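To start, the structure itself, in structure tokens.
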Amino acid sequence: MLETPNVHENADSIDVRRYIAVLQRWWWIILVLPAVAGGFVYLSSRAERPVYVATTTLVVQESQGAVITASDLNLSSMMASTYTRIVTTTPVLEQVIAELELPYTPQLLRSKVSASAVGSSQLINIAVHDGDASRAAKIANRVADVFITKTQADRLADIARLQAVARSQGLEDTQVLVQAQLLAVGSLRVLEPAVVPLSPVQSSTSRNILLAIIAGMVAGVVLAFGLDYLDDRVKTPEQLRALTGLPTFGSVPLSKKETPLWGESVRNMPIEAYKFLRTNLELAALDSVGPKTIVVTSAGPREGKSTTAANLATAIAREGNTVILIDTDLHRPSLHRMFDLGNQRDLVGVTNVLMGKAGIEGAEHQTRIPSLRIIPSGPLPPEPSRVLRSEAMRQFVETVKGRADFVIFDSPPLLAVSDPIILATLTDAALLVVDRQNTRRRPLAHAVENLLQAKPRIVGAVMNKTVHREDSYYGYYYYRYYTSDDGQRTRHRRGRNVVTRLLGGHDRHKHTPEAGESS
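The working numbering puts the first residue of the sequence shown at 1391, with every later residue one more than the last.
Next comes the structure, spelled out in structure tokens:
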């Protein structure tokens, strides 16, 4: 027995592919959010008024003594650091507002004025940001003047207080002089007044736009993974296998057509997908010949079961096999419309045969493909499940098996009625169609549970409406060949050989049960 290789790559590679698929699925969010964020910042910066900065520089003077010591310099530097916290106090700002008649509150003016010490020196810079260049210079100079005046007034008051204390206590004049000299340390003067700035400060628009784009991109990626986490649709064959435990017999690429593909080229990618599906159904039958009777169903409506049944029958018939496609959806039949057979009420079909009003030959309708015949539903009965459960239905299935190489039954959705379960007990294989765009995880799990009650001999799933970038095996090889104008048949064979190796070999009778699975 050939050893079946592992179909899946290592977990890290699968995770990387899944992450890439998420980014590809939500690419528009990842692009739109950075564009919106960057555009918003750009428009906001264009709407901003220009800002001018005017700066006044003050110096903290040393002691007025003949010799300036290092301690004097250190004390002046410490005083400069202290003064930066006093410049923007409310009394100073209120006086500036009153003298210049500014339309500001102290809180607003405080947001425009900043004071900072220049390193460890004795210098203090008073900077004012304002939309008016002249007003910025006036405010900077007036803040400096008011601050110096208030500081000097406070120091003179302190000296007068010391002198009064000295006189009351009979202290020597030399002691008072020492105190006065100490108070003289830290007095202020304007070193360089502010001038009217000629140009506004350069805004960091480019940097802000870049940061906004980066933030928008990060937010887009986070949002993409968040939306993907909340999206409970079954989007990949890997998710389908993990959720249901069923082998995936094929992946059918997204196609705008919902009619049979009999007019398509043999190089058409969907046609090859259905051939691949048929091959995998045969590979799954390890203990006997491949299935002759196949029931096609889905979890819910509008998931592509009828289209899948029609195209599977068409693909098999185009290979030279005789196929009978039977519409056993006795609730909402649709095959007669797909194949343009006419009004359903006027057609002889399944129910006519089961009621003994017609033979199978009279119920068969020829299609454009000579080897493909259709048996429509016929008149809809009041109790379809009872009709399908009858002995006449069992005999009908046995009879049609002898009239064709393959018989495919289109049935209602599993979650709607019990008809698919009944049909699964009468046929060789049950094929569950999973729509990548519509099938939800919880309904799918319930549908699989219902289907397995019939204990079909062969059961598997087909992923419908896949995108080639998300189908890591089939999609890559066939997409590369069928979308290339200069594709060579050797490339086609190489792709199929790789898929065959993934299935575990060339002889289907030598496969283990897992070999029926396909990506």
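C-beta atoms are modelled at their ideal positions from N, C-alpha and C, and glycine is treated no differently.
All of these numbers come straight from a predicted model, not from anything done at the bench.
With a 10 Å radius around the Cβ and a threshold of 16 neighbouring Cβ atoms, E1781 comes out exposed.
Between Q1451 and S1596, the C-beta gap is not smaller than 8 Å, which leaves the two residues out of contact.
Distance between R1415 and V1624, taken at the CA atoms: about 13 Å. Residue pairing from DSSP places V1503 in a beta bridge opposite V1518. In the three-state DSSP reduction, K1855 falls in the strand class (E or B). With distances taken between CA atoms, S1435 lies nearest to L1600 out of I1529, E1491 and L1600. With contact defined as three or more Cβ pairs closer than 8 Å, the segment 1614 to 1632 and the segment 1817 to 1835 are in contact.
Sequence-distant Cβ neighbours of D1535 in its own chain, meaning closer than 8 Å and more than five residues away, are V1580. Going by C-alpha positions, V1508 is about 36 Å away from L1433. For P1810, the enclosing alpha helix (DSSP H) covers residues D1809 to L1816. Note that the C-beta distance between S1767 and D1730 is not below 8 Å.
In the three-state reduction of the DSSP assignment, T1829 falls in the coil class, being assigned neither a helical nor a strand state. Listed as beta-bridge partners of D1717 by DSSP are D1800. Look at R1579 here: in three-state DSSP terms it is strand.
Under the three-state reduction of DSSP, Y1442 is assigned to strand. Short of 7 Å from the beta carbon of L1617, and not among the five residues preceding or following it, lie these beta carbons of its own chain, in chain order: W1416. Of the other Cβ atoms in all chains shown, 16 or more fall within 10 Å of the Cβ of Y1664; this residue is therefore buried. The straight-line gap separating the alpha-carbon atoms of V1533 and I1516 is approximately 8 Å. Residue V1838 holds the alpha-carbon nearest to the alpha-carbon of P1803 among V1482, Q1785, V1838 and P1772. P1643 is bridged by DSSP to T1856. R1793 is the residue among T1495, M1783 and R1793 whose C-alpha sits nearest the C-alpha of E1754. For I1759, the secondary structure class from DSSP, reduced to helix, strand or coil, is coil. In the structure shown, T1478 falls within a coil segment according to DSSP collapsed to helix, strand and coil. Between P1771 and the set V1790, R1784, E1438 and R1735, the nearest pair of CA atoms involves R1735. Contact between A1851 and T1698 fails: their C-beta atoms lie close to 11 Å from each other, not under 8 Å. Pairing V1686 with N1854 gives a Cβ-Cβ distance that is not under 8 Å.
By the Cβ rule, the segment 1481 to 1488 counts as touching the segment 1496 to 1507, because three or more pairs are nearer than 8 Å. By the Cβ neighbour-count rule, L1588 is exposed, with fewer than 16 other Cβ atoms within 10 Å of its own. Partner residues in the beta bridge of S1688, as assigned by DSSP, are V1823. When only Cα atoms are considered, L1744 and H1721 end up about 16 Å apart. By alpha-carbon distance to S1471, the top candidate from T1447, L1492 and A1505 is A1505. In the three-state reduction of the DSSP assignment, V1777 falls in the helix class, which pools H, G and I. In the DSSP annotation of this structure, Q1843 is not part of any alpha helix (DSSP H), being labelled neither H nor E.
Note on F1639: 16 or more other CB atoms within 10 angstroms of its CB, so buried under the neighbour-count rule. With respect to the C-alpha of E1489, the residue from V1518, T1478, K1528 and Y1473 having the closest C-alpha is K1528. I1848 counts as buried, since no fewer than 16 other beta carbons sit within 10 angstroms of its beta carbon.
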